[in-house]
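Chemist: Just passing along the structure, written as structure tokens.
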Amino acid sequence: MHDITNLEDLGIPGVFVATSEFESAAIAQGKALGFDPPRVLVPHPVQDRTDEELISMADGALDEVIGALTRSAIRDPRSARTA
Amino acid sequence: MELLDPTAESAPLARAGAPRLAAIEGVTVGLLDISKPRGDAFPDRLAELLVARNVTVRRYRKPTHARPAAADLRSQIANDCDAVVEALAD
Amino acid sequence: MSKLADLDDGLLVVVKSDCETCRMVEPVLGVISTRTGIAIASQDDPSFPAGLTVMDDTDLELSWELQTETTPTLYRIEQGRVVESAAGWNREDWRRLTGIEGLGSGLPVSRPGCGSKIFEPGTFERLNHRPGSLRSRRVTVAPEVDPFEAMMSLGWSDGLPVVPPTEDRVQGMLGGTSRDAAETVCVMAPDLVECSVEKIAINAVMAGCKPEYLPVVLAGCEAVASDLFNIHGVAATTQFAAPVLIVNGPIRLELQMNSGINALGPGSRANATIGRAVNLVVRNLGGARPGGVDRSTLGSPAKWSLCFAEDEEGSPWEPLSVERGMPEGMSVVSAFAGHGPHEIVDQASREAESLASSFAAQLRSVGHPKLMGSLDALVVVVPEHARVFADSGWDKLRLRDELTDRLTFDADEVVRGAGGIAEGVPRVRLQPRMAKFRPDGLWFACAGGTAGMFSGIISGWTGGPRGSQMATVSIDNWK
């Protein structure tokens, strides 16, 4: 997350690929940094997957990864306004 | 920690990211591998698929996943690549 | 939220169990409770006095609102306001307030009370808030994120670290003024944003100001946002200009502002942070961010902060503020659109005539030696140079006249192309004699260490109604 944020600051578009389990932490961190970098989520967990399953997860993520790097705007900025 | 916003609050609290690429073909993508001990199958496959789309893939690895990449690794990626993919966090 | 406003009309007493006088009057409180009724607020233990209904004021919010200095203090409340009060035990006072004859007959005539808990350390910091009064958006930084990095990421900084503007710090900062947090101080260009006292206080916290600096920051913002100063132009120009602040009057000494060695440099918290706070307001509220509206080609370190005090005690002349029409003895800030400094080295002149010629030679280079009547300048005259002028009996008017004489040139000397230099005054603007500075485009302030014959020119930006004019406002007005 920090890496993507830092590289975005340097003008390099980035995308963060994470398991769904990671998502809530990623959102909290993105909000706290004031930037919510694009991310692609794959199903949790990965530890017990076979190589074949991981390969098929990568196949499934490819379009979203490319989309995140090429779409004209990043996802809607989130407001960190608290109630 | 809760801070008070010093701005006019005219914009949502978020900063813009870097401009996106016009197309994926022909660019250089840095693949920052943060996969835990589970192995390289996911990033390897992602790299293979990107190469098939006429992307030049450069692979990077951090010494530890527990902390952000060092400044020299970041600037190396920024110098050598048009875009970056960080995978796979769990 | 006012606890006082919620009280019914009648009697109120603030007590604490850990106070002998309070314990002494315990039976008296029982009598009053039975006869007329009384609200009792305890600072330390709501089970005291036993058998009576007691409000829990262990958070001291009611005591703070009342500014209760002594326990017990007996109050008569009408429509949420104190109309009469008596501190400690005094039989006559208590009889008068309660209207109960013979009250406390068995007690001494009087007995002093005890110190209120509002004086305990930390209470001021905690309670000197106007709870719920701050309206700014709250931004939560997750525990694992360094707030300094988060603030950088949010684009709140001028590139240097900023102090996290927590509610406590902002409330503390607001203690530096009697003005209401919601009051509008100015409308700041380029985004034409109404800047409240609160928003400016937040930026003052971030800049590193102490609360007592706040009136100077508020006045600085008022000056910079004025039509005269034209911050839109100053912020957007491709030239170097930044708001340069010059402080006059007693507040210089109260805040220990630097007018001596390194007056234009680092080392003084007040100089550094007051100027920085105003620039952060221009950035964060006005919206003038470098690369955005701020198009300065090279910029200037003055865009971080250039703020100093005039050395009125060491100056042979009237202060800049008085020359600007403000009363002597008033604390005043003047905003000048400039940058710099650019040096006048003259260690040889012992006569005013010679030194003025040195000043003129250097001042001619402001902007460009062949540009006339466009850019203003502020000369910071150091003590060893000021003394040379004073010894020759020159006041500021004389110095300005002498410099104007030396800085008025024939048309053929300054016209475009003259001297083999394409730059210069365009033919359409050409007059037979051309003055370097507009009539109100050259200012003087005294500052600097007592050793060194090195005055400084703070070069300005386009002067006059088309550009920026010096703006001078009262600081006392913002206390």
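Protein sequences appear in the order of chains A, B and C. Using our numbering, you'd call the opening residue of the first sequence number 1 and step up by one each time. Using our numbering, you'd call the opening residue of the second sequence number 1 and step up by one each time. Using our numbering, you'd call the opening residue of the third sequence number 1 and step up by one each time. C-beta: ideal position from N, C-alpha, C; glycine also. Note that the structure is predicted; figures quoted are calculated from it, not measured.
(1) Since S63 (chain C) is in the alpha helix (DSSP H), which residue starts that stretch and which ends it?
(2) Can V193 (chain C) and A8 (chain B) be called in contact, C-beta distance under 8 Å?
(3) Among the candidates C:F389, C:F454, C:M434 and C:V187, whose CA atom is the shortest distance from the CA of P341 (chain C)?
(4) For the segment 315 to 323 of chain C against the segment 360 to 376 of chain C, do three or more pairs of beta-carbon atoms, one drawn from each stretch, fall closer than 8 Å, so that the two count as touching?
(5) Distance check for E198 (chain C) and G172 (chain C), CA to CA, integer angstroms please.
(6) Give, in chain order, every residue of the segment 325 to 344 of chain C whose Cβ lies closer than 8 Å to some Cβ of chain B.
(7) My output table needs one value for L74 (chain C): the three-state DSSP class, helix, strand or coil.
(8) Are any of the Cβ atoms in chain A nearer than 8 Å to that of R74 (chain B)?
(9) Within 10 angstroms of the Cβ of N79 (chain B), are there 16 or more other Cβ atoms? Answer buried if so, exposed if not.
(10) D48 (chain A): which of B:Q76, B:A41 and B:R58 sits nearest, CA to CA?
(11) Mind checking the segment 133 to 145 of chain C against chain B and listing, in chain order, the residues whose C-beta falls within less than 7 Å of any C-beta there?
(12) I need the straight-line Cα distance from L494 (chain C) to L245 (chain C), nearest angstrom please.
(13) Using alpha carbons as the reference points, say which of C:G265, C:L378, C:R324 and C:I231 lies closest to S305 (chain C).
(14) Find out if the Cβ-Cβ distance for the pair G452 (chain C), V382 (chain C) is shorter than 8 Å.
(15) What do you reckon, is the C-beta of P37 (chain A) under 7 Å from a heavy atom of the ligand SAH?
(16) What would DSSP say about P243 (chain C), mapped onto helix, strand or coil?
(17) Tell me whether L298 (chain C) is buried or exposed, calling it buried when 16 or more other Cβ atoms sit within 10 Å of its Cβ.
(18) For Y213 (chain C), tell me which candidate among C:M257, C:T237 and C:V224 has the shortest Cα-Cα distance.
(19) Decide if R400 (chain C) is buried, meaning its Cβ has at least 16 other Cβ atoms within 10 Å, or exposed.
(20) Is it true that the CB of A241 (chain C) sits closer than 8 Å to the CB of A337 (chain C)?
(21) Between B:M1, B:E48, B:R45 and B:L21, which has its C-alpha nearest V167 (chain B)'s C-alpha?
(22) Look up E86 (chain B) in the DSSP assignment and give the residues it is bridged to.
(23) Measure the C-alpha to C-alpha separation of C114 (chain C) and K479 (chain C) and round it to an integer number of angstroms.
(24) Between the C-alpha atoms of F148 (chain C) and V162 (chain C), what's the straight-line distance to the nearest angstrom?
(25) Helix, strand or coil for F486 (chain C) per DSSP?
(26) Using 8 Å for Cβ pairs, my map puts L3 (chain B) next to V224 (chain C). What's the rounded Cβ distance?
(27) Give every residue of the same chain whose Cβ lies closer than 8 Å to the Cβ of V51 (chain B), excluding the five residues on either side of it in the sequence, and list them in chain order.
(28) If we count the other Cβ atoms within 10 Å of its Cβ and call it buried at 16 or more, is P6 (chain B) buried or exposed?
(29) Could you tell me the alpha carbon to alpha carbon distance between D59 (chain C) and G220 (chain C), rounded to whole angstroms?
(30) Please identify, using Cβ separations under 8 Å, the residues of the segment 285 to 298 of chain C that lie next to chain B, in order along the chain.
(31) What did DSSP end up calling D18 (chain C) once you bin it into helix, strand or coil?
(32) Indicate whether D346 (chain C) and L442 (chain C) have their beta-carbon atoms separated by less than 8 Å.
(33) With I40 (chain C) as the anchor, note down where its beta strand (DSSP E) starts and where it stops.
(34) Alpha carbon to alpha carbon, how far is D391 (chain C) from G122 (chain C)?
(35) Can you tell me whether DSSP reads S468 (chain C) as helix, strand or coil?
(36) A41 (chain C): which of C:M55, C:C19 and C:L11 sits nearest, CA to CA?
Modeler: Once the coordinates are examined:
(1) E61 to L66
(2) yes
(3) C:F454
(4) no
(5) 11 Å
(6) none
(7) strand
(8) yes
(9) exposed
(10) B:A41
(11) L134, S136, R137, R138, V139, T140 and V141
(12) The shown model of chain C, from 1 to 479, leaves out residue 494 (chain C), and the question about it has no answer.
(13) C:G265
(14) yes
(15) As for the ligand SAH, it is missing from this structure, which has no ligand bound.
(16) strand
(17) exposed
(18) C:M257
(19) buried
(20) yes
(21) There is simply no residue 167 (chain B) to check, as chain B begins at 1 and stops at 90 in what is shown.
(22) A:F16 and B:L32
(23) 33 Å
(24) 7 Å
(25) Nothing can be reported for residue 486 (chain C), as the shown portion of chain C is limited to 1 through 479.
(26) L3 (chain B) to V224 (chain C), Cβ: 24 Å. No contact.
(27) V57
(28) buried
(29) 38 Å
(30) L285 and G287
(31) coil
(32) no
(33) A39 to S42
(34) 55 Å
(35) strand
(36) C:M55
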